[in-house]
Amino acid sequence: MQHIFSIQYTRNGDGLEGWNIEEENLLEVLGPLQTAETQTIDLGDVDLIYFSDRIVVSSRKLESRLYWSLLLPSHDGEIDLAWHGFSSQRVRDVFLASIILRSAGRTDIHSRLRIVILPSGAVEESEMPFRLEVEVKLSLQVPTIFEALPWNKGKLIELEEAQRRLLTYLYPSDSRPPESYDGVTSIPFFYSILRPAPQLALHMQEAMQPVELQPTLLPFQRRSVGWLLGREGKMVTPH
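To convert, note that position 71 of the sequence shown is 71 in this note's numbering; the numbers rise steadily by one, no gaps.
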């Protein structure tokens, strides 16, 4: 997955002492770089870390003790955490969930920082003549992402929810909460939304009752087994 965060800054110090001076100094540096065309300068690789439920762009090239560069805006999408059974607010941001998974070796994240110098006529008076772009490329670590989660009493739930959040984002479901859902997932609600498993092709119906299986499955049981196998990515061919 690839995503580009584009961050535009305004010229508004909100009355903070010294902030206007910082803006003027930055404008003096950027002035000679402005031309009639937009210019993009690649600032190299950066890392994404999280602090207090926010994603921070970090670089070891910075002299600051904490190596901080900038905060990224949240990328949480439209998700009902309660409906999906998430207990942690931290996994709302899909990239924050990805960073949590990276710590367990289940994702890989590669990020680059760019500064885009804008022509003087292309910005409003209240805007700074540049924007920052953070390009993030996210990939799943195979086969680790398919393996059982490592047992750690303190982190197991967080890892499970982070992985489920990421996979829900990458492979969204078409289903929507029914009108009867009041935000509480209970046993009565669970039974109220159960539906029959879809019909199976003839060869699949036969395959769900192998000769080695001693109990005889009823038709709805065969359909349920076929549906479960399909959810696990298994295919049953006529041969």
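Note that beta-carbon positions come from the ideal geometry of N, C-alpha and C, so glycine has one too.
Worksheet item: I4 by DSSP, collapsed to three states: which one?
Response: The three-state reading of DSSP puts I4 in strand, counting E and B together.
Item to complete: Count the other C-beta atoms from every protein chain shown that fall within 10 angstroms of the C-beta of Q163, then say buried if there are 16 or more, exposed otherwise.
Response: By the 10 Å Cβ count, Q163 comes out buried.
Practice prompt. Compare the Cα-Cα distances from V136 to each of L218, D47, W83 and L200 and report the closest residue.
Written response: Looking only at L218, D47, W83 and L200, the smallest Cα-Cα distance to V136 is reached by D47.
Item to complete: Below 8 Å on the Cβ atoms is my guess for V225 versus M208; work out the distance and round it to an integer in Å.
Response: That pair is a contact at about 5 Å.
Worksheet item: Taking one C-beta from the region 136-148 and one from the region 35-44 each time, how about it: are there three or more such pairs within less than 8 Å?
Response: Because the criterion of three Cβ pairs below 8 Å is not met, the region 136-148 and the region 35-44 do not touch.
Fill in: Bridge-paired residues (DSSP) for Y50
DSSP lists I55 as partners of Y50.
Item to complete: Return the chain-ordered list of same chain residues with a C-beta closer than 8 Å to the C-beta of P73, the five sequence neighbours on each side being excluded.
Response: So the list reads F5 and I7, once near-sequence residues are dropped.
Fill in: Run of the beta strand (DSSP E) containing F130, from where it starts to where it stops
From DSSP, the beta strand (DSSP E) with F130 extends over E127 to L140.
Discussion item. Quick check on the DSSP output: the alpha helix (DSSP H) that includes L27 runs from which residue to which?
Written reply: Here the alpha helix (DSSP H) through L27 covers W19 to L30.
Worksheet entry | Segment contact, 8 Å Cβ cut-off, at least three pairs: the region 114-128 with the region 77-94 | Judged by Cβ distances under 8 Å, the region 114-128 makes no contact with the region 77-94, as fewer than three pairs qualify.
Worksheet item: Skipping 5 residues on each side, what residues in its chain have a beta carbon closer than 8 Å to that of L71?
Response: Non-local C-beta neighbours of L71 in its own chain, meaning closer than 8 Å and more than five positions away in sequence, comprise R54, I55, V56 and V57, ordered along the chain.
Worksheet item: Do the region 87-105 and the region 128-135 touch if we need at least three Cβ pairs shorter than 8 Å?
Response: Taking 8 Å as the limit for Cβ pairs, the verdict is that the region 128-135 does not touch the region 87-105.
Item to complete: Take Y169 and list the residues in its own chain whose beta-carbon comes closer than 7 Å to its own, dropping the five residues that flank it on each side.
Response: The answer, listed in chain order, is G77 and V94.
Fill in: Residue nearest to F190 in terms of C-alpha spacing, selected from L113, L200 and P178
Considering only alpha carbons, the answer is P178.
Discussion item. Measuring only from the beta carbon, is P178 closer than 7 Å to any heavy atom that is part of the ligand PLP?
Written reply: This structure lacks the ligand PLP, and indeed carries no ligand of any kind.
Worksheet entry | Nearest-angstrom Cβ-Cβ length linking S69 and L26, presumed shorter than 8 Å | With 8 Å as the limit, S69 and L26 do not qualify as a contact, their Cβ atoms being about 15 Å apart.
Worksheet item: Which of helix, strand or coil does DSSP assign to R114?
Response: If DSSP states are grouped into helix, strand and coil, R114 belongs with the strands.
Practice prompt. For V91, I'd like the list of residues in its chain whose CB is within less than 6 Å of its CB, leaving aside the five on either flank, ordered along the chain.
Written response: If the five residues before and after V91 are omitted, its C-beta is found closer than 6 Å to the C-beta atoms of A97, E161, A162 and R165, all from its own chain and listed in chain order.
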